[in-house]
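Start counting the sequence shown at 177; every next residue gets the next number (this note's numbering).
Read the structure below first, then the notes.
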Amino acid sequence: MDAPAHIDRAAILAALDQVTDPKTGKGLTAAGLVRGLTIRGDRAAFMLEVPAPEIARYQGVRDAAEKAMAALPGVGKAQVVLTSEASGPAPGVTRVRRGAQVNPDPKGQMAPSPEAMRPAHVKKVIAVASGKGGVGKSTIAVNLAVAFARLGKAAGLLDADVYGPSAPTMLGVDGDPEFDKVLQKLIPLTAWGVKVMSIGFMVDEGAPMIWRGPMASSAARQMTHDVAWGSEDAPLDVLIVDLPPGTGDVQLTMVQKLKLDGVVIVSTPQEIALIDARRASAMFAKTTTPILGVVENMAYYTEPSSGEPLYIFGRGGARAEAGRLGVPFLGEIPLDQALREACDQGQPVCATAPDSAAARAFIEMAKALS
Ligand SMILES: Nc1ncnc2c1ncn2[C@@H]1O[C@H](COP(=O)(O)OP(=O)(O)OP(=O)(O)O)[C@@H](O)[C@H]1O
Ligand SMILES: [Mg+2]
177 MDAPAHIDRA AILAALDQVT DPKTGKGLTA AGLVRGLTIR GDRAAFMLEV
227 PAPEIARYQG VRDAAEKAMA ALPGVGKAQV VLTSEASGPA PGVTRVRRGA
277 QVNPDPKGQM APSPEAMRPA HVKKVIAVAS GKGGVGKSTI AVNLAVAFAR
327 LGKAAGLLDA DVYGPSAPTM LGVDGDPEFD KVLQKLIPLT AWGVKVMSIG
377 FMVDEGAPMI WRGPMASSAA RQMTHDVAWG SEDAPLDVLI VDLPPGTGDV
427 QLTMVQKLKL DGVVIVSTPQ EIALIDARRA SAMFAKTTTP ILGVVENMAY
477 YTEPSSGEPL YIFGRGGARA EAGRLGVPFL GEIPLDQALR EACDQGQPVC
527 ATAPDSAAAR AFIEMAKALS
């Protein structure tokens, strides 16, 4: 439920207009600098997008804008994400507090990228993708990361779904990641033995995210590279990347700018999901990202009285699809109410119910991907 105190959108825009844009001398609203204003409950957030070279100059403006919003009735938390437009080479990034600063690559499109690189001190990067939304990518990404941690690996989870981050809820973790001035990197949060970064830590989870394509891509990219995932002495063994659904800009950027070791495709058994999975596989094949395998989620339901698996959506579709693609079938995850509840409560089954059928399947999957 929303907080009873109602935040007045017009009042926010008026307050932001009292903060002066140093460039034009106008108020921020009149200068067109208030983008993607989202209000939810007692939180208000927007993106302040400025030319890349001006980032430093606008940090004070960002703070003033946050203050102006926070002073309004009903506003419990005000957030301004400072981002830069695509204009010339990205400057050295200096981050402050919780602002996600974004320096889009002006040419961050389809081209193969010679500069593709993996984040520093990360040995392996595996993305979890699907063609269709809601098939359980995040559930699988989160549990896979926890499964790796249980196997003794140094594991990380990058929630690259800048449109609908779910890691904070699924892992029960939230907070403002600290910025390490020496490393010039954000320190990821840790949950269930997994290092985690999510745009949900910086912008309110659940608020509708209004990103333009290139900005979303570079937000995802920066969350990858500007984070201290590991160190010289303690590298990260594996980074799991939870991608947004589909085959859009963010996915392309991630596969092209990041040296992915491969991608795990998630599908549910229904034909319609399999068709989308095929589409996603085709995209990854085009970008020469290896497909490490296919996982079937919500594969069966265990009949409580008999303990028999019921294949309510049909059986074997994803396995057959893996066969068609010539890639391994990585396992079946049951449709399981306890798994769903565990996700909602931030209690990943791999950590809290390691003997459940779902957790065992995740552990096997992690072993297969090790
Ligand atoms: N095997 C399962 N059994 C029961 N519930 C599941 C299972 N897998 C996922 N869910 C539930 O289905 C919903 C969608 O799952 P999830 O958020 O992981 O999908 P997604 O593919 O990441 O979605 P999106 O495309 O929106 O990012 C969640 O409520 C999750 O708890
Ligand atoms: Mg998701």
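Beta carbons: idealized from backbone N, C-alpha and C, even for Gly.
Query: Keeping to the same chain, check which residues put their C-beta closer than 7 Å to that of residue 510; ignore five residues upstream and five downstream.; Result: 475, 476, 477, 478, 533 and 534
Query: Is it the case that the Cβ atoms of residue 397 and residue 429 are separated by a distance below 8 Å?; Result: yes
Query: Does the distance between the C-beta of residue 308 and the nearest non-hydrogen atom of ligand 2 fall short of 7 Å?; Result: no
Query: Just how far apart, CA to CA, sit residue 499 and residue 395?; Result: 35 Å
Query: Closer than 8 Å by C-beta to residue 198: which residues in its own chain qualify, once you throw out the five before and the five after it? Chain order, please.; Result: 233, 234 and 237
Query: Give me the Cα-Cα distance between residue 369 and residue 411, rounded to the nearest whole angstrom.; Result: 14 Å
Query: With a threshold of 16 other CB atoms inside 10 Å of the CB of residue 194, please say whether the residue is buried or exposed.; Result: exposed
Query: Residues in the same chain with beta-carbon distance under 7 Å from residue 244, minus the five sequence neighbours each way, listed in chain order, please.; Result: 191, 192, 194 and 195
Query: Which same chain residues end up closer than 6 Å to residue 281 when comparing Cβ atoms and leaving out the 5 residues on each side of it in sequence?; Result: Note that residue 281 has pLDDT 34, beneath the 50 cutoff, so the model's placement of it is unreliable and no number is given.
Query: Report whether the distance from the Cβ of residue 342 to the nearest heavy atom of ligand 2 is below 7 Å.; Result: yes
Query: Looking at C-alpha atoms only, which residue of 228, 246, 224 and 356 is the closest neighbour of residue 258?; Result: 224
Query: Is it true that the CB of residue 306 sits closer than 8 Å to the CB of residue 442?; Result: yes
Query: For residue 540 and residue 206, I'd like the C-alpha separation in whole angstroms.; Result: 56 Å
Query: Residue 354 by DSSP, collapsed to three states: which one?; Result: coil
Query: Identify whether residue 433 lies in helix, strand or coil by the three-state DSSP scheme.; Result: helix
Query: Hey, would you say the C-beta of residue 490 is under 7 Å away from at least one heavy atom of ligand 1?; Result: no
Query: Quick check: what's the CA-CA separation for residue 327 versus residue 185?; Result: 49 Å
Query: Confirm the yes/no value for this check: CB of residue 314, any heavy atom of ligand 1, distance under 7 Å.; Result: yes
Query: Between the stretch 293-304 and the stretch 515-525, are three or more C-beta pairs nearer than 8 Å?; Result: no
Query: Does the beta carbon of residue 425 fall short of 7 Å from some heavy atom of ligand 1?; Result: no
Query: Skipping 5 residues on each side, what residues in its chain have a beta carbon closer than 6 Å to that of residue 200?; Result: 207
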